[in-house]
Structures are given as structure tokens and as C-alpha cells.
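J.:
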Amino acid sequence: MRAVQVTEFGGPEVLNLVELAEPEVGADEILIDVDRIGVNYADTHQAENSYLAPSKLPLVPGGEVVGKTAEGQRKVALINSGGYAEKAVANKYMAFDVPEGVDDLHALSMLVQGTTAWVLLKKNAHLETGESVVVHAAAGGVGTIAVQLAKAWGAGRVIATASSEEKRRLAMELGADATVDSNAENMTEALIEANGGKRIDVILDMVGGTTTDQSIAALAPFGRLAFYGMASRKQPKAVELRNLLGHSTTVTGMWLPHVFRLPGNVFGTALNDLFTLIQAGKLKAIAGGEYPLEDARKAHEALRSRGTVGKLLLDPRK
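All residue numbers for the sequence shown refer to my numbering, where the first residue is 304 and numbers rise by one.
(1) Quick check on this structure: which residue in 445, 541, 401 has the alpha carbon closest to the alpha carbon of residue 589?
(2) If we ignore side chains and look at the alpha-carbon of each, how far apart do residue 317 and residue 457 end up?
(3) Buried or exposed: which applies to residue 429, given that a residue is buried once 16 or more other Cβ atoms fall within 10 Å of its Cβ?
(4) Roughly how many angstroms separate the alpha carbons of residue 528 and residue 396, rounded to a whole number?
(5) At the level of alpha carbons, what is the spacing between residue 319 and residue 522?
(6) Could you pull out every residue in the same chain whose Cβ sits closer than 6 Å to the Cβ of residue 506, ignoring the five residues on either side in sequence?
(7) Between the region 323–337 and the region 404–418, do three or more beta carbon pairs fall short of 8 Å?
(8) In this structure, does DSSP put residue 562 in helix, strand or coil?
(9) Identify, in the order they occur along the chain, each residue of the same chain with its Cβ nearer than 8 Å to the Cβ of residue 557, setting aside the five sequence neighbours on each side.
(10) Within a Cβ cutoff of 6 Å, which residues of the same chain sit near residue 417, ignoring the five residues on either side of it in sequence?
(11) Indicate the three-state DSSP secondary structure (helix, strand or coil) for residue 382 in the structure shown.
(12) Helix, strand or coil for residue 553, going by three-state DSSP, please let me know.
(13) Tell me which residues share the same chain as residue 537 and place their Cβ nearer than 8 Å to its Cβ, disregarding the 5 neighbours each side in the sequence.
(14) Drop a sphere of 10 angstroms on the beta-carbon of residue 608, count the other beta-carbons inside from all chains shown, and report buried for 16 or more, exposed for fewer.
(15) Sort 543, 440, 555, 544 by Cα distance to residue 473 and report the nearest one.
(16) Spatial neighbours of residue 501 within its chain, please: CB distance less than 8 Å, with the 5 preceding and 5 following residues excluded, ordered by chain position.
As C-alpha cells, then:
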């Protein structure tokens, strides 16, 4: 089968299209004939071995696929690795039925990005009706969904940050009440101004560096910043006890694998909620581009440039 393999860690240049034997299926596993592959920012970290979970070589990256089993069941699945291939093996407990009315784009968009946005707002930020919400990288996979969910769940004012006028326009179309240029010289002032001069209640952040520092400074008393990535690859400096005391601030982190340790099938609840919203026409995924499997490098280059919108896909059939 065709697959994209990494034999040395690095940037997009280490992704190579190769021929590999089909993966072996173990106990409690299923084989999926892959129709589409989801591309996540975490994949870029996996390829350079800078992810929270260490990578091992040789590596076929990719953690999410949608396709059919030998019995013809349509499944979307989370896997540890091996997604960038024509066939993938998934634990049967991590493979979920895709309901009618949910296409490949929407199934893959909800599996990681959608559940991430759901958990950030529900479990990390504990969003309350009427609160203000800032969504950084609002045109990205998580951001586009978070803007819609925040509005659907009663946020008082949703402020979206993005790097271009086109991206900011998209955020407004998705329901944002105001936008801020992510390259603003003083993000603290820009966010407060966009909120009518008031400090912010909830901020979702996957950027890191000065963006995180200046966002923390914009929080209201008892405001919450939910941190779920570091696209800038720069460490923030503002997460200090004295800064947290200054406005009774909460800074919380979220890594999706930890959700599976929670009681009550939180992940399954989130995914079902999201699929129901899609079927009702109340939530939509944004297509960020579809690449042939052989162009996985281009997909990673696009993600790392932070010039993409929505969800990026690979098509192993091309």
C-alpha cells in the first residue's frame, strides 16, 4: 500500500511517499480502507518529535482517518499513528460510526478539532451565558468550530483573532461579533477595545509566546485562558503566580488524549453533540484544502505557514 513515512525527524521535507506492507490487525482492532485523512497541527510536531507523546522511527504520521471496514461500515477513527496511508488499523473502541448527513470533511473536522473546541469551552473554560470569549486562530480547524459553539452556547460577545482580512471576514460569517488582527502590536489593548473597553472572560489560545502573555493581561477577574497548543513554538512568560493573583486568573491546559481518562464517556458525548448540530444545520466545518497523499509535504508547509483556514485533508485515493 502507499503511505507517507518519516525515517528521520524534521520539517515537511522528511515526509516521503513509499510502498509498505498492509498493517497487521490485532485483537480489538479493525482495518479501515481510508477515504480521507485529517491533517492536524499535531502531525507537524509528530514529524519533528516535538509532540507531548514521543515519536519513534520509522513513523507513518497521522492520527485520524475516515473510511470503510471490510463489512462496509463507515467509521471515523482516532489512531496513535499510521494515518497517512491507504489502509489504517484502529482500536475498535476508538472508531466511531459516521451518521447519515455527515460527510468526510465534517466527520474528520469534529473528531479532533470539534471535540477540542467542545472540551475547551465546556470543561476547561466552563463558559457561562453572557460571557465574552476570544478565539485565537479563529480561521483554523478548532477556531472555526469554537466561534460557532461559543455563539450557540450563549456567549455574550465572541472576538476572533486572525492574520488576514479574509480570515477575519470568515470569522464574522461564522458568528463572531468582532475581530482583531493577530499581528496587533499590543494584543492586550486590542482585545479589550474589541470587547467595548471591558476585560475578557474566556480566551482560547494555541499560539504561545507574546500572544499568550498579552492575552493573560487582558483577562477580567476570574477570567480563564485555555491553552491547547503552541503554534509559535515560543514559550509564554506570563504564567507566574503573582500574575495569576493579580486578576484571580485561571490558566488551564488541554491535551485531548487526557479526555479519555474522564468518567462518563466525555469524548463520545462531545462527538455525538457535534454530529447532532451538523445534522440540524447548526454547525459547519470549513474546508481548508484537500491534497493527494503524495503532497503531504505541501499540507504540512501550509499548516506551518499559518496561512490555512478550516480543515486540511489528504486523499489517499489520488
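For glycine and all other residues, C-beta sits at the position ideal for the given N, C-alpha and C.
T.: Reading off the structure:
(1) Position 286 of the sequence shown, counted from the first residue, corresponds to residue 589. With distances taken between Cα atoms, residue 589 lies closest to 445.
(2) Here residue 317 corresponds to residue number 14 of the sequence shown, with the count starting at 1. Here residue 457 corresponds to residue number 154 of the sequence shown, with the count starting at 1. Taking the Cα positions, residue 317 is about 44 Å away from residue 457.
(3) For the purposes of this step, residue 429 is identified with residue 126 of the sequence shown, where counting begins at 1. Residue 429 comes out exposed.
(4) Locating residue 528 in the sequence shown gives position 225, counting from the first residue. Locating residue 396 in the sequence shown gives position 93, counting from the first residue. Each residue's alpha carbon lies about 32 Å from the other.
(5) The residue labelled residue 319 in the question sits at position 16 within the sequence shown. The residue labelled residue 522 in the question sits at position 219 within the sequence shown. Residue 319 and residue 522: Cα-Cα distance of roughly 44 Å.
(6) As a first step, residue 506 is located in the sequence shown; it is residue number 203 there, counting from the start. Within the same chain, 437, 518, 528 come within 6 Å of residue 506 by CB-CB distance, once the 5 residues on both sides are set aside.
(7) Judged by Cβ distances under 8 Å, the region 323–337 makes no contact with the region 404–418, as fewer than three pairs qualify.
(8) Taking the sequence shown and counting its residues from 1, one reaches residue 562 at position 259. In the structure shown, residue 562 adopts helical secondary structure according to DSSP, grouped into three states.
(9) In the sequence shown, the residue the question calls residue 557 occupies position 254. These residues qualify, in order along the chain: 419, 422, 423, 426, 427, 529, 530, 531.
(10) Within the sequence shown, the letter at position 114 stands for residue 417. For residue 417, where only same-chain residues beyond five positions count, the Cβ hits under 6 Å are 448, 577.
(11) Walking along the sequence shown from the start, residue 382 turns up at place 79. Note: residue 382 maps to coil in three-state DSSP.
(12) For the purposes of this step, residue 553 is taken as residue 250 along the sequence shown, with counting starting at 1. In the displayed model, residue 553 falls within a strand according to three-state DSSP.
(13) To locate residue 537, count along the sequence shown from 1; it is residue 234. Cβ within range, chain order: 511, 512, 513.
(14) In the sequence shown, counting from the first residue as 1, residue 608 sits at position 305. So residue 608 ends up on the exposed side.
(15) The residue you call residue 473 lines up with position 170 of the sequence shown. Checked all of 543, 440, 555, 544; the closest Cα to residue 473 is 440.
(16) The residue you call residue 501 lines up with position 198 of the sequence shown. Result list for residue 501: 435, 495, 523, in chain order.
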